[in-house]
Structures are given as structure tokens and as C-alpha cells.
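One structure below.
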Amino acid sequence: MDCEYALHMLAGETIKGRLKPIRLAEMNQQREVGRSAGKGLALYVHIPFCEQVCSFCAFHRTTASPEKIEGYIGPFSKHLDTVLPQVGRGKITSVYFGGGTSGLLTLGQADQLLANVRQNVETNGARITFELHPKNATENHVLGLLALGVSRLSLGVQNLSDQERQGLDRNITSAQQEVQILQNLNQIGVPYNIDLMFGTPNQTQQSLENTLIRVVEEVNPPEITLFQYVNAYGARSRNLINQGVMRRPGLHERHQMYDMARNYLVTCGYNQTGTYGFSREKDAPQRKLMNNGVDFMGLGPRVYSRIGNIFAMNNARVGDFLSGQGKTENYYGLRVPVKAETFIGKTLVFLAERRTNTTTKSKLNTWRSEGITQVYSVMYYLLNQPSLSK
Ligand SMILES: C[S@@+](CC[C@H](N)C(=O)[O-])C[C@H]1O[C@@H](n2cnc3c(N)ncnc32)[C@H](O)[C@@H]1O
Ligand code: SF4
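So the sequence shown is numbered by the numbering used here: it starts at 19 and just counts up by one.
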């Protein structure tokens with residue numbers, strides 16, 4: 019059993035049965051007395067639609083038609099107007115429109131949702147990011163978003179091997195088209211991040227290296243987030259791996275991939291800002307565990323929030339929003355006692371020391387960060403159980 023599964027079980031056993039309804043008022047109270055009180059709030063706004071669903075992705079999203087998206091906007095605007103006044107007081111540090119693909123919103127829809135946010139909370143000085151599938155990053159659309167006050171983009175690229183992209187159902191654009199789109203963004207001069215993934219099915223160290231070389235030499239993006247593939251429950255790729263149709267690189271290979279990628283990017287002049295974050299900016303802020311201690315509030319179906327020591331997830335599904343009649347503010351979660359977090363941290367340190375035979379700080383941070391990802395993914399799994407999804 020590899021470490022990832024062990025952590026699933028460890029965290030799963032620890033929190034199983036402990037999820038309880040959490041009221042917005044409880045979260046609000048935590049904003050005042052919790053350990054991150056006074057540090058501000060980051061907002062995550064979920065647009066759960068994609069043109070094509072990728073095999074590796076287990077986020078809460080569905081394939082979209084323009085009518086479906088339009089049907090989401092009304093109830094979702096109402097949701098923003100209900101939740102934000104209850105927990106959104108004080109300084110907002112950032113607003114992140116993700117998904118799914120917030121790039122599928124028309125400029126009019128984006129404008130409306132931004133207005134909902136701005137009417138309810140103070141966003142002056144906050145960084146506003148829109149997540150886009152590269153296909154949606156046309157010049158007109160990007161310029162339109164900038165005119166609405168969007169200050170940064172984030173694009174999922176994943177890799178630049180057309181063969182692997184096909185296996186990931188990621189072939190609505192080709193690698194060459196994506197390079198061209200990113201080069202256009204460089205011309206426009208908008209700050210942006212690209213997501214890459216390592217450890218994906220059928221990936222090899224060589225193909226990852228080819229992607230990285232091409233990314234750096236032909237695009238040179240301002241920021242790169244290098245995600246480790248999570249073999250998530252509910253993702254089609256997980257079944258294909260289990261059936262032997264696709265091959266997941268082994269644990270040792272994944273470690274080698276990470277080390278190679280990290281070293282390559284640092285050698286090319288990127289600053290490492292966190293376990294998976296790299297930036298061209300010299301003094302880029304560190305992206306530490308737990309959102310740098312800043313509370314974050316997720317808005318929309320099946321998204322997480324962490325306020326103080328409360329971890330919560332909105333139990334509503336996209337259908338509850340689309341029907342216009344479902345309950346859209348049912349939060350479930352748990353309070354993670356500081357002691358439990360310390361326990362998880364220490365367990366990870368123990369495992370890291372055994373596995374790597376080293377106590378270097380960066381390795382331990384890597385493992386701690388992976389542990390937190392697992393806690394999140396276990397929560398996602400548990401919250402998707404039928405007993406809680408009514
Ligand atoms: C919610 S997606 C949104 C990006 C946008 N929809 C796109 O694909 O272009 C954010 C990022 O999560 C990462 N991601 C999705 N599924 C993942 C998985 N199973 N393991 C690791 N990272 C994953 C991908 O890198 C993806 O770009
Ligand atoms: S990676 Fe992006 S485009 Fe692919 S299914 Fe997930 S959210 Fe949709």
C-alpha cells in the first residue's frame with residue numbers, strides 16, 4: 019500500500035462520523051475568535067461547468083450548455099447575496115473564480131457575479147483571479163475580463179504531450195494551440211498562472227521533462243503550479259488504472275518526477291513559493307500550507323471552506339442550484355482540534371523520515387502538505403456519500 023492510501027485511511031478513520039451540520043453563524047463567530055482572526059478572508063467562487071470532463075478530475079462539475087450556465091446564474095447570485103453578508107466582513111484578500119471553468123461565463127455573466135461579490139464585501143485591493151480552460155482564453159475574452167477588474171488568470175494546461183492529453187480526455191485543444199494561446203497572453207501582458215500535473219496516467223519522466231522544457235523555452239509563464247496527480251475517488255482515470263488500461267507511475271517514479279521538475283524550474287530561475295508553486299517574481303509571496311493562515315470561504319456547490327479551525331463543505335450539488343428549489347446553504351464539516359492537526363503533522367514527519375531517511379525541512383514540508391491534501395480529499399469523499407447527499 020502506498021503512503022497516499024495509508025493517509026486516506028488514517029485521516030478517514032479519524033474523521034469518519036464526525037461531520038456535523040455547521041451553521042454560517044458558527045463560521046462567522048470563528049472569524050472573530052479563531053486563530054486566523056484579523057488576517058482577512060479569501061473567497062472562492064465555484065462555476066461548476068466544463069465543455070468536456072477530463073478523466074483525472076473529480077472536482078464537482080458537469081458538462082455545460084449555455085442554457086444550463088444561464089440557469090445557474092440566478093440561484094447562484096442569490097447564494098452569494100445570502101452567504102457573503104453573513105461571513106464576509108472585513109478585509110478580502112483575494113477572490114478566485116474557479117471551477118469547472120469560469121471561462122465559460124459570458125462577460126455579462128462574469129460582470130453580474132462580480133457585482134454580487136462587490137456589493138456584499140469590500141474587495142478594494144483584493145487580487146481577482148479567473149480560472150480558464152486555455153480554449154476560452156481568446157484575446158477578446160481576456161481583454162473583456164481585464165476591463166471588468168480581473169487582475170490575474172489561471173489556466174489548466176496539465177501537459178504538452180498530445181498522446182497523453184488524449185488519455186486524459188484533455189484533447190479539445192492541442193499542445194501546439196495551447197502554446198500559441200499562452201504566447202498571446204504574454205503579448206497582452208496579463209499576469210497568469212498555468213497548472214501542470216505530474217504523476218498522471220501513462221506519464222514518464224521523459225515526457226514530463228519534454229513538457230517542462232517546452233513550457234519554459236516557448237512560453238516562460240509568470241507562474242506555474244505543479245500538481246501531483248491525485249488518484250481521486252470518482253475519477254474515470256482511477257477506474258482505468260484499476261482495470262490496467264492505464265499505468266500510474268509508481269511512488270518512487272513520482273518522487274523522481276517531482277525532484278526533477280522542481281530542480282529544473284529552479285535552475286531556470288523560478289522561485290519556489292510552496293510545495294507546488296513556482297513564480298518568476300523575485301519576491302513572490304510564499305504559498306504556505308492552509309492558505310497562509312488566511313481564512314477562506316467557498317461559495318457554490320460542494321466547495322470547501324476553512325474558517326479558524328472549522329473545515330466545512332457546502333453539501334448542495336449543482337442540481338440544487340439549477341432547480342432553483344434545492345437547499346443551497348447546507349454546510350457539513352468538523353472542527354479540527356489543534357491537537358489533531360499536530361498529531362497528523364507528527365505522523366507525517368514520522369512517515370517522511372522513514373521513507374526519505376532525512377529530516378530536511380523542505381522534504382518534511384512536502385509531506386505535510388500532501389497530508390493536508392489527503393484530509394481534503396477524504397472529506398470530499400465522505401461528503402459525497404449518499405447518506406449525506408440528500
Ligand atoms: C478545477 S481545475 C480548473 C482548471 C480548468 N478547468 C482547466 O482544466 O483548464 C484546477 C486544476 O486542478 C488540477 N487537478 C484536477 N484534477 C486533479 C487531480 N486528480 N490531481 C491533481 N490535480 C488535479 C488540474 O491541474 C487543474 O488545472
Ligand atoms: S480539469 Fe478543468 S476542464 Fe477538466 S474536468 Fe476538471 S475542471 Fe473541468
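Even for Gly, the Cβ is constructed at its ideal location relative to N, Cα and C.
This one's a predicted model, so the numbers in the text were calculated from it and none came from an experiment.
Along the beta strand (DSSP E) that carries residue i, what are the first and last residues, could you check?
i, result
"T12", "As shown, the chain starts at 19 and ends at 408. That puts residue 12 outside it, with no answer to give."
"L258", "Looking at the DSSP string, L258 is not in any beta strand (DSSP E); the run it does join, the alpha helix (DSSP H), is 254–260."
"N332", "328–332"
Would you say the beta carbon of residue i is closer than 7 Å to some non-hydrogen atom of ligand 1?
i, result
"A250", "yes"
"Y90", "no"
"Y114", "no"
"D213", "yes"
"E149", "yes"
"Q184", "no"
"Y247", "yes"
"Q198", "no"
"G127", "Reading off the sequence shown, one finds Gln at residue 127, where the question assumed Gly. Not so, every heavy atom of ligand 1 lies at least 7 Å from the Cβ."
"A253", "yes"
"Q176", "yes"
According to DSSP, is residue i helix, strand or coil?
i, result
"L122", "helix"
"S323", "strand"
"S192", "coil"
"H151", "coil"
"G268", "coil"
"Y288", "coil"
"Q70", "coil"
"H78", "coil"
"Y350", "strand"
"R298", "coil"
"V312", "coil"
"D417", "Examination of residue 417 is not possible in this model, given that the chain is present from 19 through 408 alone."
"A7", "Residue 7 lies beyond the stretch modelled for the chain, which goes from 19 to 408, so this question has no answer here."
What are the boundary residues of the alpha helix (DSSP H) that includes residue i?
i, result
"K86", "84–105"
"L340", "336–341"
"Q221", "Counting along the chain, Q221 falls outside any alpha helix (DSSP H), and DSSP gives it neither H nor E."
"R49", "42–51"
"V160", "157–165"
Would you tell me roughly how many angstroms separate the C-alpha atoms of residue i and residue j, rounded to the nearest one?
i, j, result
"Q205", "N238", "12 Å"
"K38", "E347", "14 Å"
"L125", "G262", "43 Å"
"Q343", "V248", "34 Å"
"T111", "F314", "10 Å"
"L178", "Q48", "43 Å"
"V279", "R232", "Residue identity check: residue 279 is Ala in the sequence provided, not Val. One C-alpha to the other measures close to 13 Å."
"L59", "P152", "28 Å"
Handout entry: Residues with C-beta closer than 6 Å to any heavy atom of ligand 2, in chain order
Key = Those residues, listed in chain order, are C68, V71, C72, C75, F77, R79, G117, G118, T119, H151, G174.
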